[in-house]
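Chains as they are written, first to last, in UniProt numbering: chain G, 1 to 184; chain R, 1 to 184; chain X, 1 to 184; chain S, 1 to 184; chain U, 1 to 184; chain V, 1 to 184.
Note that beta-carbon positions come from the ideal geometry of N, C-alpha and C, so glycine has one too.
There are 6 protein chains.
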Amino acid sequence: MAFDHGHREEHVDDGMIMIQANLDDMSPEWCGHVADLLFEAGANDVFWIPIYMKKGRPGVMLNVLVHSTRLEAMEDIIFAETTSFGLRYTSVACHRLERRFDEVHTPWGTVRVKTGYHGGRLVEYAPEYEDCRRAARNGGVPLKMVYEEARRLWRMKEAGGAERFEPQLAGEDKNPPFGRRNGN
Amino acid sequence: MAFDHGHREEHVDDGMIMIQANLDDMSPEWCGHVADLLFEAGANDVFWIPIYMKKGRPGVMLNVLVHSTRLEAMEDIIFAETTSFGLRYTSVACHRLERRFDEVHTPWGTVRVKTGYHGGRLVEYAPEYEDCRRAARNGGVPLKMVYEEARRLWRMKEAGGAERFEPQLAGEDKNPPFGRRNGN
Amino acid sequence: MAFDHGHREEHVDDGMIMIQANLDDMSPEWCGHVADLLFEAGANDVFWIPIYMKKGRPGVMLNVLVHSTRLEAMEDIIFAETTSFGLRYTSVACHRLERRFDEVHTPWGTVRVKTGYHGGRLVEYAPEYEDCRRAARNGGVPLKMVYEEARRLWRMKEAGGAERFEPQLAGEDKNPPFGRRNGN
Amino acid sequence: MAFDHGHREEHVDDGMIMIQANLDDMSPEWCGHVADLLFEAGANDVFWIPIYMKKGRPGVMLNVLVHSTRLEAMEDIIFAETTSFGLRYTSVACHRLERRFDEVHTPWGTVRVKTGYHGGRLVEYAPEYEDCRRAARNGGVPLKMVYEEARRLWRMKEAGGAERFEPQLAGEDKNPPFGRRNGN
Amino acid sequence: MAFDHGHREEHVDDGMIMIQANLDDMSPEWCGHVADLLFEAGANDVFWIPIYMKKGRPGVMLNVLVHSTRLEAMEDIIFAETTSFGLRYTSVACHRLERRFDEVHTPWGTVRVKTGYHGGRLVEYAPEYEDCRRAARNGGVPLKMVYEEARRLWRMKEAGGAERFEPQLAGEDKNPPFGRRNGN
Amino acid sequence: MAFDHGHREEHVDDGMIMIQANLDDMSPEWCGHVADLLFEAGANDVFWIPIYMKKGRPGVMLNVLVHSTRLEAMEDIIFAETTSFGLRYTSVACHRLERRFDEVHTPWGTVRVKTGYHGGRLVEYAPEYEDCRRAARNGGVPLKMVYEEARRLWRMKEAGGAERFEPQLAGEDKNPPFGRRNGN
């Protein structure tokens, strides 16, 4: 989903649309460029699904998630850059977590960590890919080692240095995190 | 779609929602567990679609079909158990056939048969997978043989033992089944 | 999307529906026949998506795009011809380009060319597959050569024989085509 | 795998090759034509695998299974008809069952049935798709009903009309079919 | 790849084969059972690839990795349990890491950790899925939290409790791990 | 396949290997980085196939095509950067076309064109993606327009400016190109 820096509240946005176009006669070589243009013009997400089309055609379906106010801009790009004679769209609601950004200092460079909160509780934390990749390049170490170390450092930071993992996940209280699920 | 034992009328349920979350940084190892939890919490269906995401990522899209009243329970699980920072959902109507359950006695064990009726006519019959698997295990015979025999036995039972297949498919009359389609 | 000969205005049709059925116990051998029947009964598009279903099943999802007035006809076919006990559908809007048909004369036969206009500007042109295939068969030449030649001939015809490609794309003026996108 | 009418002994052919070409810049529209040409020139099987290629390209991999003596003919077609600048191939051994052909008379037309024998035991039987499709068209009945009836009729014929399914599967003796597996 | 408990040296096994069978007329419902039987009979790995077959069939390719001495047992199962009239196989060499097993004690239960060594250096460590799933069930906590904690505990154990991650990865010396790659 | 600038003869290289590793517990986020490293270390091609693995895991299979002399370098990267405990490889022969490079001057910038010759005959020509993308960016025009124009210009150049497409494809004679196929 969309990536935007800074603090942001958990919310549901029901003004989103999903645009889809089935492509059975386009060179896959163009897909990267099309996606770049769509992202630059405001798409929240762009992805492709392999599909089986008529007459033995292994086509792809272009998917664009975007706010409804950006529909026309997306359509202009899709019609200009793909081979599509038609597209379809439908309304979707997007539920996005509260996002905060933090950073940790690995031996190979600083890495931002994106965190997600659901109902005020921490449920996700993810080191930034580009930062990790840069650190892995700089340090000549495996990318997976950078991720692991960044995750470890962030948890320690969050926990105030304490060793046990689980209690620190829940910010405000001592209940096990994600407890709401068990209550259902 | 949802599986529920006992008799049930054909109906359209327009209070359903389809929840989707694109996952580009989650271990596929977790998918089975996530699906189990979603089913246990009331999901009617859970499945995964391979998708092509940005930056060369062969991700997957989680799909959950569920009644709208269960949205929150699904969200709690998705946010707790996957790496998603956001999900989307849209309303869908589900048209479900009338379902009845019968059983047949194969040489290797009893097998339930689920049947589906559209406008009062029989259109589907399906031996239960778990029963067939158990029978195949018990009898040391191929699963496909169990299915074939269960299907044959059920048709004979339905037909009152008569040999010809087709006329017995239509319950109330002698018209060919699925005739409505030809009328369109 | 739907294919219909003759001139047609660009428009948005918001009376369309997308029907989906997950199939985890159907022989893929039947898919071609099912698609043929759906197209014959008025489907605008039929395609299949590989999906990962429960219990290790590599199933497929049937997708049918059709006008809402044809829902019942599609359902009759799906229930009669597949193994589905239920299907789902949702409303979608389809944006279709203005379409015109032209033809060109290749050394191996006549080929129709379908063109698409967005806001009055040419954005797509596509030689017809069946025509190109017939020409390739007749001429004993590669299909890709027929496409290339048909595209070249159509651009020359459109341009009045002039050599430069780009200016002729925009019908009414000398602005670069697809210019609206840059204005966003 | 290859389809050839008439009786044929079970055998292993270790003179086969699998040819593969990754296509990241070809219109999927051409795939059906390419496959047709390859089959006509002697390919035993042609299929396509969706793959994720560099730079965000949802490409396809062409796969051609063919006898090594037909390599050159396949290469000529692949280089002429696709966009490939290179292909690869490797030796494979093909184990093919003994195949026999029979036929049954359904209420909607005659259907050939292909049967497969492994070590002299019946392990597969499959009504021919084109025959079933024609029967379904002729009779205005679902294709799945034609398959079911053709399978039932063939089993009855094989069994000499007896009712129990399983004992008739094994031709020469009363041991359960596929017994070799249990002996391992 | 194969999973076997206990210590095992890094090695290359060039007596392996990959068996493949394209299935265009089999119910996906049977796939789980087929895979179970193949694993029980000695398959090192079983997986399925979605493929596009002729006549618009979204089929699957069964893949079985196994030692060549087990070929016949695999064939018996494939011919007995699937709809295949033929299969193919080719020789492959398998390079397997040295594997060791350790265990850690999470707050929710004991979890085994499988580690892999390449040229004597630690390159992989993976908590066992079934153990993590059981712990997550027992503790009512997210599976991802169990994995994270198991990984953290194992690294601490490996490092003798020290805090920094990277130096402990390399057992015998202070060079960065995976250094051989940089030496190429 | 491998991309190398300059003239190169058509040839078969039978010293290649295909390396494969099934990944069911790796974040897809790492795939781009892994592919980059493999390409930098000499891989001729790197791609990913979506596969269905045991326990409901939608995994991916890493594929690396490389010369056998580079096997060890590839293995070091795969074991260091992915989660794999084992990989497999097999010998393949690669048939590569003779490649030449030319260039054309579009209104939006110079574009290199790669051409492929099979048995001395032109069978492929492909404008370079990165050049076309740069031109499209520079000119603010659709990528597909750049491709089309680059292809048109190259054909004109090849033909000495003549208008008819087909005769110029065959360099040395007036026979239809790709004629060898028809001779089989």
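Beta-bridge annotation (DSSP): K144/X is not paired with any residue. In the structure shown, T82/R falls within a coil segment according to DSSP collapsed to helix, strand and coil. Listed by position along chain G, the residues whose Cβ is nearer than 9 angstroms to that of A35/S are G56. Contact annotation: in the region 9-33 of chain S, residues whose CB is within less than 7 angstroms of a CB in chain G are D24, D25, M26, S27, P28, E29, C31 and G32. Of all residues in the region 139-152 of chain G, the ones placed with a Cβ closer than 7 angstroms to any Cβ belonging to chain V are P142, L143 and K144, in chain order. In terms of Cβ geometry, T83/U and A21/S do not form a close pair [threshold 8 angstroms]. Spanning the alpha carbons of F47/G and I51/R requires a straight line of approximately 7 angstroms. Within the same chain, R96 come within 7 angstroms of H11/V by CB-CB distance, once the 5 residues on both sides are set aside.
Counting along the chain, the unbroken beta strand (DSSP E) around N22/V starts and ends at H11 to L23.
Interface criterion not met: the Cβ of E40/G is under 8 angstroms from no Cβ in chain R. Between A93/X and G109/X, the C-beta gap is not smaller than 8 angstroms, which leaves the two residues out of contact. By the C-beta density criterion, F79/U is buried, having at least 16 other C-beta atoms within 10 angstroms.
Collapsing the DSSP output to three states places G59/U in a strand. The beta carbon of V141/V sits closer than 7 angstroms to those of W108, all from its chain and outside the five residues before and after it, given in chain order. Counting only residues of its own chain and dropping the five nearest sequence neighbours on each side, L23/V has a CB closer than 8 angstroms to the CB of G59, V60, M61, L62, T82, T83 and S84. Nearest C-alpha to M16/S among L65/S, I49/S and M145/S: L65/S.
Distance from the Cα of D131/R is smallest, within the candidate group E149/R, E72/R, G56/R and W30/R, for E149/R.
Under the 8 angstroms criterion on CB atoms, W48/R is classed as interfacial with respect to chain V. Contact between L153/U and H33/R does not hold, since their C-beta atoms are separated by about 20 angstroms, which reaches or exceeds 8 angstroms. C-alpha of E103/G to C-alpha of R8/R: approximately 55 angstroms in a straight line.
Note on the region 96-121 of chain R: there is no whole alpha helix (DSSP H) run with a minimum of 4 residues. When secondary structure is reduced to three states using DSSP, M26/R falls in the coil class, being assigned neither helix nor strand. Judged by beta-carbon spacing, E29/X lies within the 8 angstroms limit of R57/U, meaning their Cβ atoms are closer than that value. Look at E128/R here: in three-state DSSP terms it is coil, with no helix or strand label. For G160/X, there is no enclosing alpha helix (DSSP H), since its DSSP letter is neither H nor E. I19/V and H105/V have their C-alpha atoms some 40 angstroms from each other. Around the Cβ of E75/V, a 10 Å sphere holds 16 or more other Cβ atoms; the residue is buried. Just so you know, the alpha carbons of E98/R and E128/S end up roughly 32 angstroms apart. In terms of CA proximity to R155/U, R112/U leads the group R112/U, H118/U, F39/U and G119/U.
If you look at A35/R, you'll find it in the alpha helix (DSSP H) that goes C31 to E40. Using beta-carbon distances, G86/V does not count as an interface residue toward chain R, since no partner is under 8 angstroms. The alpha carbon of V123/X has as its nearest neighbour, out of M53/G, M145/G, G86/G and G120/G, the alpha carbon of G86/G. The residues N22, D24 and G59, in chain order, have a CB closer than 8 angstroms to that of M53/V in the same chain once the five nearest residues on each side in sequence are set aside.
The beta-carbon of T83/X is placed less than 8 angstroms from the nearest beta-carbon of chain R.
Non-local beta-carbon contacts of N138/U in its own chain, meaning distances under 6 angstroms to residues more than five positions away in sequence, involve W108 and G109 in chain order. If you ignore the 5 residues before and after L38/X, its C-beta comes within less than 7 angstroms of the C-beta of V46, V64, M74 and I77, all in its own chain and listed in chain order.
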